[in-house]
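Step one of this worksheet: look at the structure below.
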Amino acid sequence: MVKTLSRSQNPREWLAFVLVWGAAAVVTATFCWLLGDILWHGLSRLSWTFLTAPPESAGRRGGIGPILVSTFLILGVCLAVSLPIGVGTAVLLAEFTLDQGLFGRMTRRSLDVLAGVPSIVFGLFGNAFFCKTLGLGFSILSGGLTLACMVLPILIRSTEEGFRAVPASYRLSAAALGLSRTTTLLHLLLPAAVPGLIVGLVLGVGRAIAETAALIFTSGYVDRMPESLLDSGRALSIHIFDLSMNVSGGDANAYGSALVLVVLLLLINGTASWLATVGLHRKIVTV
Amino acid sequence: MTPIEPIAERRPQHLPNDEPACCKPHPFVDVDRLSLHYGEKSAFQDVTLSISKGRITALVGPSGCGKTSFLTCLNRLTDLIPACLVSGRITIDTLDVLAPQTDVIRLRRRIGMIFQKPNPFPLSIRRNLEFPLREHGLRDRTQLSTAIETALRDVGLWDEVKDRLDSPALALSGGQQQRLCIARALALSPEMLLMDEPCSALDPISSGIVEDLIVRLRGRYTILIVTHNLAQARRIANDAALFWVHNGAGRLIEAGPAKQIFEDPRDPLTAAYVSGMRG
Ligand SMILES: Nc1ncnc2c1ncn2[C@@H]1O[C@H](COP(=O)(O)OP(=O)(O)O)[C@@H](O)[C@H]1O
Ligand SMILES: [Mg+2]
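Just so you know, the protein sequences line up as chains S and V, in that order. Counting in the working numbering, the first sequence runs from 753 upward without gaps. Counting in the working numbering, the second sequence runs from 1087 upward without gaps.
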């Protein structure tokens, strides 16, 4: 296919060919360059000490131990809150509201608007509501809850799509066998909706783990090891931002941290797709 | 919920012979002036029909005359469609089907349904049968495997799948999937089977196998089958009913013994339809 298209053929087709492949090449090249740059500068920093040691001299030296812990705690709070609410809302939207009903339409519209709101706005909201109104202060809890608000729209909508993608025949045949709605939901619809849920999770977690703006005002800057969820904790992305913008001589460690972040993201993506294939296959064969 | 006794114990000692005249008509389902609307649109109107116990009743008629909709009234699958309105009366045995207090779960356990497109769950063959059984209260492992084997033998699938019960049901051929769906319905020991064009999505050989199976089920179950295949209806049905679209809504044109409907129809529309001139 690629070889048969040459200049001698229809010039418009040739132009389209060049544009399409050119665009793909630019995207891929940018990604490779970015990754290469981070690898080049960051790889030398990477070591077990770097991953576990506390930062010294505002992060110029030392490692990112407490920062990794804070990041995972924030992410944990975010998931613990957003997963149940997200799946619950998706079930409600997909299975228990009319497609054209007012409630469903309004909820979906609101979610779509929320999904497009810039993260800094979520940061300000989280600061006003979680930190001040609820009195949680600058804390991992505030940060996690704010992230939860931010990823919920994506999570709900893609899980809902997962439920909608389940063929109607499952529901009909389950009902015809006298299975209750709850059983149908738990044993047939939920497993079938898992791919949608996983897509939502990857998108949501990816957004959450790389988030800076929403966390600056909520979980804060403190780079000590957090002792509880009510302590302030510095997330990885904020650490990178701080090192490269505010700390002279922090570039090397910034690259190291960025590399860790990228590897984490790739790991999350890989695990999710592995879970989706292996987990689903097991579900189909044995459960 | 009471555990399900294996089908074998409920089977009559003497299976009726396979002649279409299998048993004396004895009403099992009584449908009285039944109408169904999807929102503003009427699917069928004013259907009054009696269905006899243990016999095969064929529902024939052109597409869109409300045959599928009629079937879904009998097991109240219509409850799943939000804008669907059913009026009239259906009595099965002594049960008032449309009464709000009727336990639909029990009703649907008594009345199995087979769909046009085979629709096994994306589970293993075993789980497809085990899952509904468990849901209806059968937990004992040996009882479960007996019930599964009996159901699979009933549909002639046992020898084909006994070595791969744990492989995905969706890997079976279309005909095997349809027989698995029939087995899944039979495993719950229903009294009646609703079959919506069960052979029309299958190749001719599978279709023949499923048709033979339906004939073998005669007598044990009251069967109401929708079919587009008039030759098939002639071969298997004891009774027949013809639906037709009239002024935008389905109507029952004529019902009676299959022999009479196919050989000596009273209504000119029926005569035209069964002779292949219309429909
Ligand atoms: N879920 C539904 N919502 C709205 N209209 C429907 C629905 N199902 C069927 N209909 C309409 O009801 C009429 C009867 O359909 P159906 O019962 O499927 O007929 P048949 O099975 O005889 O082909 C058709 O006009 C069809 O368009
Ligand atoms: Mg139909």
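Where is the CB? At the ideal position from N, CA and C, for every residue including glycine. The structure displayed is predicted, hence computed values, not measured ones.
Check: Under DSSP, the beta strand (DSSP E) around ALA1341 of chain V begins and ends at which residues?; Outcome: 1335-1343
Check: So which residues on chain S does ARG1270 of chain V lean against when the C-beta distance must stay under 9 Å?; Outcome: SER925, LEU929
Check: Which residues bound the alpha helix (DSSP H) around MET748 of chain S?; Outcome: No answer is possible for residue 748 of chain S: it lies beyond the span of chain S, which begins at 753 and ends at 1039.
Check: Per the contact definition of three or more C-beta pairs closer than 8 Å, is the stretch 998-1014 of chain S in contact with the stretch 912-920 of chain S?; Outcome: no
Check: How would you list, in chain order, the residues of chain S whose beta-carbon sits under 9 Å from the beta-carbon of ASN1205 of chain V?; Outcome: PRO919, SER921, TYR922, LEU924, SER925
Check: Tell me which residues share the same chain as GLU808 of chain S and place their Cβ nearer than 7 Å to its Cβ, disregarding the 5 neighbours each side in the sequence.; Outcome: GLY814
Check: Pair every Cβ in the stretch 1311-1319 of chain V with every Cβ in the stretch 1138-1152 of chain V, then say whether three or more of these pairs are closer than 8 Å.; Outcome: yes
Check: Taking 7 Å as the cut-off, is the C-beta of CYS1151 of chain V nearer than that to any heavy atom in ligand 1?; Outcome: yes
Check: Since VAL839 of chain S and THR911 of chain S are thought to touch, with beta carbons under 8 Å apart, how far apart are those beta carbons, to the nearest angstrom?; Outcome: 6 Å
Check: Which runs of the alpha helix (DSSP H) fall wholly inside the stretch 893-935 of chain S and span at least 4 residues, in chain order?; Outcome: 920-928
Check: Among V:LEU1120, V:GLN1187, V:ASN1205, V:ARG1270, which has the Cα closest to the Cα of LEU1082 of chain V?; Outcome: No answer is possible for residue 1082 of chain V: the residues shown for chain V start at 1087 and end at 1365.
Check: Using a cut-off of 7 Å between C-beta atoms, extract the partners of ILE1191 of chain V located in chain S.; Outcome: GLY930, SER932
Check: One question on the structure: do HIS1222 of chain V and LEU1279 of chain V come within less than 8 Å of each other, judged by their Cβ atoms?; Outcome: no
Check: Tell me, please, whether the CB atom of ASN1161 of chain V is closer than 8 Å to any CB atom in chain S?; Outcome: yes
Check: Please indicate yes or no: does the CB of THR1154 of chain V lie closer than 7 Å to some heavy atom of ligand 1?; Outcome: yes
Check: Here's a check: name, in chain order, each residue in its chain whose Cβ is nearer than 7 Å to the Cβ of THR1356 of chain V, leaving out the five neighbours to either side.; Outcome: LEU1328, ILE1339, GLU1340, ILE1347
Check: Should GLU1221 of chain V be flagged as near chain S, meaning a C-beta pair shorter than 8 Å?; Outcome: yes
Check: Could you name the residues of the stretch 1217-1251 of chain V whose beta carbon sits closer than 8 Å to any beta carbon of chain S, in the order they occur along the chain?; Outcome: PHE1217, PRO1218, GLU1221, HIS1222
Check: Classify TRP1330 of chain V as buried or exposed, calling it buried when 16 or more other Cβ atoms lie within 10 Å of its own Cβ.; Outcome: buried
Check: Would you list the residues sitting across from GLY1198 of chain V in a DSSP beta bridge?; Outcome: V:LEU1279
Check: To which residues does DSSP link ARG1175 of chain V through a beta bridge?; Outcome: V:ASP1118
Check: Count the other CB atoms within 10 Å of the CB of HIS939 of chain S; is the residue buried (16 or more) or exposed (fewer)?; Outcome: buried
Check: In chain V, which residues lie with their C-beta within 8 Å of the C-beta of ALA944 of chain S?; Outcome: PRO1208
Check: Give a yes or no on whether the minimum CB-CB distance between ARG1194 of chain V and chain S is below 8 Å.; Outcome: yes
Check: DSSP on ARG813 of chain S, reduced to helix/strand/coil?; Outcome: strand
Check: For LEU863 of chain S versus PRO905 of chain S, is the C-beta distance shorter than 8 Å?; Outcome: yes
Check: Please give the ranges of any beta strand (DSSP E) in the stretch 1179-1249 of chain V, keeping only runs that are unbroken, at least 3 residues long and fully inside the region.; Outcome: 1197-1200
Check: Is PHE855 of chain S buried or exposed, if buried means 16 or more other CB atoms sit within 10 Å of its CB?; Outcome: exposed
Check: Checking contacts by CB at 8 Å: is PRO1168 of chain V closer than that to chain S?; Outcome: yes
Check: Going by DSSP, which residues form a beta bridge with PRO1111 of chain V?; Outcome: In DSSP, PRO1111 of chain V forms no bridge with anything.
Check: Since I believe LEU1193 of chain V is in contact with ASN1161 of chain V (beta carbons under 8 Å), could you give me their beta-carbon distance rounded to a whole number of angstroms?; Outcome: 6 Å
Check: Candidates V:GLN1263, V:PRO1354, V:GLU1349: which alpha carbon is nearest SER1210 of chain V's?; Outcome: V:GLN1263
Check: Once the 5 residues before and after ILE1311 of chain V are set aside, which same chain residues still bring their CB inside 6 Å of it?; Outcome: ALA1144, MET1281
Check: Give me the subset of the stretch 850-882 of chain S whose CB atoms are less than 7 Å from a CB atom of chain V, sorted by chain position.; Outcome: LEU850
Check: Return the residue from the list S:ARG959, S:SER984, S:LEU767, S:SER980 that minimises the CA-CA distance to THR970 of chain S.; Outcome: S:SER984
Check: Flag this pair as yes or no: are the beta carbons of SER796 of chain S and ALA987 of chain S separated by less than 8 Å?; Outcome: no
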